[in-house]
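Notes for the one structure printed next.
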Amino acid sequence: MATPIATAPTADYVAAMARQHATHNVASNRRSNDRSYEAEWKNFMNWVNMMRENNDLPPGTKYLTRENVDLYFQTEVVARIIQPTGARRIVSSLQRMANDIE
């Protein structure tokens, strides 16, 4: 009687498992947000709401869209006097917003 040959998991299977574990880790490990992150979220959401009221951005239910984030950085963030690490912190805060809120 022949024994079955064990097959290695496929790349798609491994990638799906990694995504599943990452999603679980993000959902179960809520981090506390510091004030600078929350302040940046409020700035971003207020800016999006103002732009939507002026019909400069299309209406929608989500704040974090590629168009919104790109325009925010092109018009608002570049006008600030900040260090590159400050701009990176804005990116991190919006990424946290994407993970935790939207």
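Counting in the numbering used here, the final residue of the sequence shown is number 102, and the numbers go up one at a time with none missing.
Virtual Cβ for every residue (Gly too), placed ideally from N, Cα, C.
Computed from a prediction, not measured in an experiment: that's the story for all the values here.
- Straight-line spacing of the CA atoms in THR65 and MET17 works out to 27 Å.
- Judged by beta-carbon spacing, VAL48 lies within the 7 Å limit of TYR63, meaning their Cβ atoms are closer than that value.
- Around the CB of ILE90, 16 or more other CB atoms lie within 10 Å, so the residue is classed as buried.
- Separation of THR85 and SER36 (C-alpha to C-alpha, rounded to the nearest whole angstrom) is 13 Å.
- For THR85, the enclosing alpha helix (DSSP H) has its first and last residue at 84-100.
- Sorting LEU57, THR10 and THR61 by C-alpha distance to the C-alpha of ASP70 places LEU57 at the top.
- Judged by their CB atoms, GLU40 and SER92 are not nearer to each other than the 7 Å cut-off.
- Leaving aside the five residues that flank ALA98 on each side, the residues in its chain whose CB is nearer than 6 Å to its CB run, in chain order, LEU64.
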